[in-house]
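**Student:**
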Amino acid sequence: MVIDTSNTVKTNAPNSGRTTGAAGNARADKTPGNVDSSANNSDDSVALSPEAQNIGRLREAIDNASGVDSERVSAIKQAISEGRFEINPERLAEAMLAQDELLG
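What follows is the structure, encoded as structure tokens:
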């Protein structure tokens, strides 16, 4: 795989002041329509670790989850506005400590 650092793809790009030799000119000829055929014959591959695969599955599950119970949110908003929403400080502290333990 070759990385083209000559910025030849950008049009109207300001001149960076760099000069390119014969190798730079050869790379400039490899536009998307004129790619060197040797680059297509590569055996590059990617293998994801089980952890990365798990993260991908979790990300997909999160993206597909709605995440918000709008009925519960409405009920809590109404309870707050009516002054009948009570906060249990012990339960809140326990939840905060549990969250802290998860994060390490």
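Residue numbers (UniProt numbering): 1 to 104. Just so it is clear, CB atoms sit at the ideal spot from N, CA and C, and this is done for glycine as well. In this text the structure is predicted, and so the values were computed from the model without any measurement.
Enumerate in chain order the residues of its own chain whose CB-to-CB distance from Asn-25 is below 7 angstroms, with the five nearest sequence positions on each side excluded.
**Tutor:** Here Asn-25 scores only 48 on pLDDT, less than 50, and its place in the model should not be relied on; the value that follows carries that caveat. Nothing listed; no residue qualifies.
**Student:** So what's Glu-94 in DSSP terms, helix, strand or just coil?
**Tutor:** Looking at Glu-94 - three-state DSSP - the assignment turns out to be helix.
**Student:** Which residue comes first and which comes last in the alpha helix (DSSP H) that contains Ala-79?
**Tutor:** Run containing Ala-79: 70–81, per the alpha helix (DSSP H) assignment.
**Student:** By Cβ distance, which residues of its chain are closer than 7 angstroms to Glu-101, with the 5 residues on each side in sequence left out?
**Tutor:** No residues qualify anywhere along the chain.
**Student:** Going by DSSP, what residue range makes up the alpha helix (DSSP H) through Leu-58?
**Tutor:** It spans 50–64 - the alpha helix (DSSP H) in which Leu-58 sits, taken as one unbroken run.
**Student:** What does the alpha-carbon distance come out to for the pair Gly-83 and Gly-56?
**Tutor:** The alpha-carbon atoms of Gly-83 and Gly-56 are separated by roughly 43 angstroms.
**Student:** Please report the distance separating the alpha-carbon of Phe-85 from that of Ile-76.
**Tutor:** Spanning the two alpha carbons is a distance of roughly 7 angstroms.
**Student:** By the three-class DSSP mapping on this structure, what secondary structure does Glu-101 have?
**Tutor:** Helix at Glu-101.
**Student:** Do you know how far the Cα of Glu-51 is from the Cα of Ile-62?
**Tutor:** Distance between the alpha carbons of Ile-62 and Glu-51: 16 angstroms.
**Student:** Taking only the alpha-carbon atoms, compute the straight-line gap between Glu-60 and Leu-103 and give it to the nearest angstrom.
**Tutor:** Cα to Cα, the separation comes out at about 22 angstroms.
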